[in-house]
């Protein structure tokens, strides 16, 4: 099964067609950290993360992980933890994306395994399928509405891939 990002506003899976948003600057075959572009390619999916205080544990064929207050995703190309889940500590001297947020963007998200297993510095990090309320452009992720996320989640499994073109 493959999730297809058809254009800047369409996500397809099976017979379902969802509205979505992508990177503010479109797509790129040569993604760079901070370019606000969504990477082009075919990628595996990682774990699903959720805010237990806002959403009950999703029923998913992906591994579900509760988001804790001290969780972040390293977006600092100088760090050995680049594009990985990290624990936020007081004197942390690296750049990261906070996962426990005031807005609802990361109440529920799935990791897209872009630049993930073998990580290249400055090639982009923290590429997720996450929530949106208004379809505003992202910094490189794919964003969909919560109701669509729940439908998508029921269809996918650990072998599902995402094709972004």
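In the numbering used here, the protein residues as written are 44 to 208. Each residue gets a CB set at the ideal place from its N, CA and C atoms; glycine is no exception. Quick caveat, the model's predicted, so the values are computed rather than measured.
Residue i vs residue j beta-carbon contact at 7 Å
i, j, result
"residue 80", "residue 74", "yes"
"residue 158", "residue 167", "yes"
"residue 47", "residue 206", "yes"
"residue 152", "residue 92", "yes"
"residue 181", "residue 64", "yes"
"residue 139", "residue 162", "no"
For residue i, the three-state DSSP class (helix, strand or coil)
i, result
"residue 171", "strand"
"residue 68", "coil"
"residue 111", "coil"
"residue 196", "helix"
"residue 148", "coil"
"residue 190", "helix"
"residue 125", "coil"
"residue 77", "coil"
"residue 183", "coil"
"residue 88", "strand"
"residue 206", "strand"
"residue 46", "strand"
"residue 101", "coil"
Residue i - partner residues in DSSP beta bridges
i, result
"residue 159", "For residue 159, which the question treats as bridged, DSSP gives no partner whatsoever."
"residue 140", "116"
"residue 56", "59"
"residue 93", "109 and 151"
Close-in-space but distant-in-sequence residues of the same chain around residue i (CB under 6 Å, 5 per side omitted)
i, result
"residue 76", "120, 165 and 167"
"residue 189", "174"
"residue 85", "204 and 206"
"residue 49", "55"
Beta-carbon contacts of residue i that lie in its chain and below 8 Å, excluding the five residues immediately before and after
i, result
"residue 13", "This structure leaves residue 13 out entirely; the chain is present only between 44 and 208."
"residue 100", "93, 107 and 109"
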